[in-house]
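Remarks on the structure that follows.
In my numbering, the protein residues as written are 40 to 256.
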């Protein structure tokens with residue numbers, strides 16, 4: 040836009056996916072904070088957080104389409120990073136989103152509803168252990184690809200693809216644990232006893248400004 044001042048820093052990088060990428064940055068810009076999210080319970084006046092505003096202009100989209108316009112990024116931290124590092128860190132966001140989706144949908148990270156934070160932390164560690172096993176088993180599994188998927192080398196297989204043949208690998212490796220001992224059902228809860236109600240905790244909302252939907256009369 041014509042109202043923008045001259046950028047403090049400009050960098051150009053050649054990307055195999057986006058073509059020529061032009062990065063323009065304005066340093067020492069202050070973001071207007073609101074009393075929500077991290078600053079919801081802050082006492083006193085809100086601080087002034089200085090950061091860098093980055094405008095990203097790409098030549099093409101990965102699918103060959105034309106970009107709709109420039110993309111704006113915000114960075115604030117103890118150190119001033121170069122523009123290429125900021126853009127590379129933003130591209131890693133897609134890998135993180137796919138990883139979290141795999142942990143939730145395939146490994147059941149958010150399936151249980153633990154009552155205590157320690158229980159949730161232990162369950163998260165178990166999920167990470169399972170994810171690590173899938174990463175380490177890439178060279179031991181067969182590529183059970185779907186009809187529309189292309190063949191991939193073992194070092195490039197995703198955890199979801201490794202998981203399809205992981206049951207066979209697990210049966211071949213064995214386990215250091217002893218065979219399970221026979222057991223009988225326990226006595227259970229005594230007759231007439233009542234379990235205390237579960238402790239309820241308030242729901243944390245990232246953006247509390249969104250109110251409930253109201254119907255117009």
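Backbone N, C-alpha and C define an ideal beta-carbon position, used for all residues, glycine too.
Since the model is a prediction, treat every value here as computed from it, not as a measurement.
Assign residue i to one of two classes, buried (16 or more other C-beta atoms within 10 Å of its C-beta) or exposed (fewer than that).
i, result
"residue 73", "exposed"
"residue 70", "exposed"
"residue 139", "exposed"
"residue 148", "buried"
"residue 221", "exposed"
"residue 173", "buried"
"residue 6", "With the chain represented from 40 up to 256, any question about residue 6 goes unanswered, as that position is not in the structure."
"residue 196", "buried"
"residue 153", "exposed"
"residue 45", "exposed"
"residue 216", "exposed"
Indicate the three-state DSSP secondary structure (helix, strand or coil) for residue i in the structure shown.
i, result
"residue 105", "coil"
"residue 66", "strand"
"residue 184", "coil"
"residue 130", "helix"
"residue 144", "helix"
"residue 112", "strand"
"residue 256", "Note that residue 256 scores 47 on pLDDT, short of 50, meaning its location in the model is unreliable and no value can be drawn from it."
"residue 45", "coil"
"residue 238", "coil"
For the ligand ZN, I want to know if residue i counts as a neighbour, meaning its beta carbon is within less than 6 Å of at least one of the ligand's heavy atoms.
i, result
"residue 165", "Within the structure as shown, the ligand ZN is missing, as the structure has no ligands at all."
Assuming residue i contacts residue j (C-beta within less than 8 Å), just tell me the rounded distance between them.
i, j, result
"residue 180", "residue 201", "5 Å"
"residue 135", "residue 170", "Not really, about 13 Å apart at Cβ, beyond 8 Å."
"residue 56", "residue 101", "5 Å"
"residue 20", "residue 194", "Since the first and last residues shown for the chain are 40 and 256, residue 20 lies out of range."
Name the residue from the options whose alpha carbon lies nearest to the alpha carbon of residue i.
i, options, result
"residue 54", "127, 175, 162, 191", "127"
"residue 11", "189, 50, 152, 86", "Here the chain comprises residues numbered 40 to 256, so residue 11 is not present and cannot be evaluated."
"residue 68", "89, 56, 76, 52", "89"
"residue 111", "234, 214, 122", "122"
"residue 129", "157, 119, 113, 118", "113"
Checklist entry - Would the segment 45-63 and the segment 87-95 be scored as touching if the rule is three or more Cβ pairs under 8 Å? => result yes
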